[in-house]
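A short worksheet on the structure shown next.
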Amino acid sequence: MRQVSITISLISCLSLSCSVDQNSTVIEMDRTTGLSGDGFIELGRAVEDARIVLLGENGHGVAEFSELRSHVLIWLHEEHDFNVVAFESGFFECGHAFNRLTEISARQLLYDCLRYPFQHAELLPLFEYVKESQLTDSPLVLAGVDIQAQGFDSNYRPAFLDSAIVNGDATFESDLKDIDRKLYLVADSGGLGDDRYTWATENLGAISKTYLTAAEMTEGWTRWVFKASTAWAERLASRGRMILEDKPRPAEYFQIRDNWMATLTEAVADSIFGQQKVVLMLHNDHARYGLFRNGEHQIQSAGGLLRNTFGADVFSIGFFMGGGIIADNGRTRHNIDTDSLGSLERFFSAQTSTTGYAVFRNNSNKHIRQFADSVQSYSRMGLYRQTMVPANEFDAVFYINEVRPPEYRIPRDD
């Protein structure tokens, strides 16, 4: 039985220089019984009425974020009846992996669902938990909400299409498979490679019509696979126009992705699996409520779009760190630039030496409110400093004082 202990400190200060709450506790997790202890009591009160909880991360290459968010997810599942875990990973890839859950190991489930930057050994216990939960009265559903081709590089799509469309129209099925191959598969597997961008631009009308026709022929998760494919084609076409016109990537190229992460999360919460309570793991940029900068563009976050739809039923938690080493999306390690750390990190590091959290929503403590309602500087992914008003972006924040890169060598099955 695997157990992991993390000391969680509730930041409930009476002054800005106060010490941590004396009720700090050690949270023990085992994959059978879940979390014990009382370290999340305050958070439990805050999320009591939520239907969608967003768990952010200040960079994809932090081991402690994967560990802690897994603990929070399991606690939300066992104590607050959240029964869907969704990742910032491919909608098709994660869904197809989940549909094959009984046929594959937890390790393969992780690899088939998550893309390269997210394949952390620290997440393996969560995927083992997903499999084990299927034998209980409260099985946990696995989903992805990204339109980008990820996970197992979409190699399962041809076989999926063989079973998804059975309408007797051989010409339509052939056209659908041809379009899908060109948009999703790498060149060595019959795809177009980088040529798909301009091809999508020149053929977007026919592509969208074909996918939407396929969507009308199907239902449930399969229908949404085809709807999401239209968005993928639109994103490729947006980049194709950039190539043809020799211009920088337009704002729509980035905005399409957040629009559809919100749309697919809504579908997961409201229609595909019936009414569900969802925990969504994604980058802080997408989990926040306001705009975030991508290049020269200001992008409306998926979190903000979900808040517009679901209101207070959405609860967003940002995850931040102090010092240490993190990995980028290519798994290259770098030290956190201490000059990039700001007032947010100083506030939390003064209150806890390990891991702490503060709830902003409906918090009447004047010093927490003073911090949360004021402009604070923070380090974005340990690289450079940005500013925000914390309470405008998140309902709560977790902080880890020292972090390390994930372990990318995931243990093989026994």
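Going by my numbering, the residue at position 205 of the sequence shown is 338; the numbering climbs one at a time, nothing skipped.
The beta carbon of each residue, even a glycine, is placed where N, CA and C say it ideally should be.
Quantities reported herein were computed from a predicted structural model and do not represent experimental measurements.
1) With distance defined between alpha-carbon atoms, name the residue in 525, 512, 349, 263 nearest to residue 192.
2) Output needed for residue 253: all residues of its chain with C-beta closer than 6 angstroms, excluding positions within five of it in sequence on either side, in chain order.
3) Quick one: what's residue 472 bridged to in DSSP?
4) Check whether the Cβ atoms of residue 414 and residue 219 lie closer than 9 angstroms to each other.
5) With C-beta atoms as the reference, is residue 536 less than 9 angstroms away from residue 457?
6) Just reading off the beta strand (DSSP E) that residue 534 is part of, what are its end residues?
7) Measuring only the C-alpha atoms, how far is residue 110 from residue 274?
8) What are the boundary residues of the alpha helix (DSSP H) that residue 425 is part of?
9) Residue ranges of each alpha helix (DSSP H) run of no fewer than 4 residues wholly in the stretch 415-463, ordered along the chain?
10) In the structure shown, what three-state DSSP assignment does residue 557 receive?
11) In whole angstroms, what separates the C-alpha of residue 407 from that of residue 401?
12) When you compare only the Cα positions, how much space is there between residue 477 and residue 337?
13) With distances taken Cα to Cα, identify the nearest neighbour of residue 441 among 335, 180, 185, 174.
14) Going along the chain, which residues of its own chain have a beta-carbon closer than 7 angstroms to the beta-carbon of residue 516, five neighbours each way excluded?
15) Let me confirm a value: residue 243 is counted as buried when at least 16 other C-beta atoms fall within 10 Å, else exposed. Which label applies?
16) With a Cβ-Cβ cutoff of 9 angstroms, do residue 532 and residue 453 count as a contact?
17) Quick one: Cα of residue 313 to Cα of residue 412, how far?
18) From the DSSP output, which residues share a beta bridge with residue 290?
19) Just the C-alpha distance for residue 235 and residue 261, rounded to the nearest angstrom, thanks.
20) Please say whether residue 317 and residue 324 have beta carbons closer to each other than 9 angstroms?
21) Could you pull the start and end residues of the beta strand (DSSP E) that residue 275 belongs to?
22) Hey, how far is the Cα of residue 364 from the Cα of residue 301?
23) Give me the Cα-Cα distance between residue 552 and residue 303, rounded to the nearest whole angstrom.
24) Roughly how many angstroms lie between the CA atoms of residue 85 and residue 389, to the nearest whole one?
25) Would you call residue 258 buried or exposed, if buried means 16 or more other Cβ atoms sit within 10 Å of its Cβ?
26) Roughly how many angstroms lie between the CA atoms of residue 370 and residue 332, to the nearest whole one?
27) Along the chain, where does the alpha helix (DSSP H) that runs through residue 233 open and close?
28) Touch check for the stretch 374-393 and the stretch 427-435: three-plus C-beta pairs under 8 angstroms?
29) Have a look at 176, 188, 181, 497 and flag the residue whose alpha-carbon is nearest the alpha-carbon of residue 435.
30) Tell me where the alpha helix (DSSP H) around residue 331 begins and ends.
31) So residue 187 is in the beta strand (DSSP E); what residue range does that whole segment cover?
32) Count the other CB atoms, across all protein chains shown, that sit within 10 Å of the CB of residue 201; report buried if there are 16 or more and exposed otherwise.
33) Apart from the five residues on each side of it in sequence, which residues of its chain come closer than 7 angstroms, Cβ to Cβ, to residue 377?
34) What is the residue span of the beta strand (DSSP E) that residue 488 lies within?
35) For residue 241, name the three-state secondary structure that DSSP assigns.
36) Given a threshold of 16 other Cβ atoms within 10 Å of its Cβ, counted over all protein chains shown, does residue 355 qualify as buried or as exposed?
The short version:
1) 512
2) 199, 539
3) Residue 472 is not bridged to any residue.
4) yes
5) yes
6) 529-536
7) Since the first residue shown for the chain is 134 and the last is 547, residue 110 is missing from the structure and cannot be characterised.
8) Premise fails: residue 425 lies in the beta strand (DSSP E), 424-427, not in any alpha helix (DSSP H).
9) 417-420, 435-443
10) The structure shown does not extend to residue 557, since the chain is modelled only from 134 through 547, so no value can be given for it.
11) 8 angstroms
12) 45 angstroms
13) 185
14) 470, 473
15) buried
16) yes
17) 30 angstroms
18) Answer is none; residue 290 lacks a bridge partner.
19) 12 angstroms
20) yes
21) 274-279
22) 26 angstroms
23) Coverage of the chain is limited to positions 134 through 547, which leaves residue 552 absent and any answer about it impossible.
24) Because residue 85 is not part of the residues shown, which for the chain are 134 to 547, the question remains open.
25) buried
26) 8 angstroms
27) Element bounds for residue 233: n/a, residue is neither H nor E.
28) yes
29) 188
30) 329-350
31) 185-188
32) buried
33) 331, 334
34) 488-492
35) helix
36) buried
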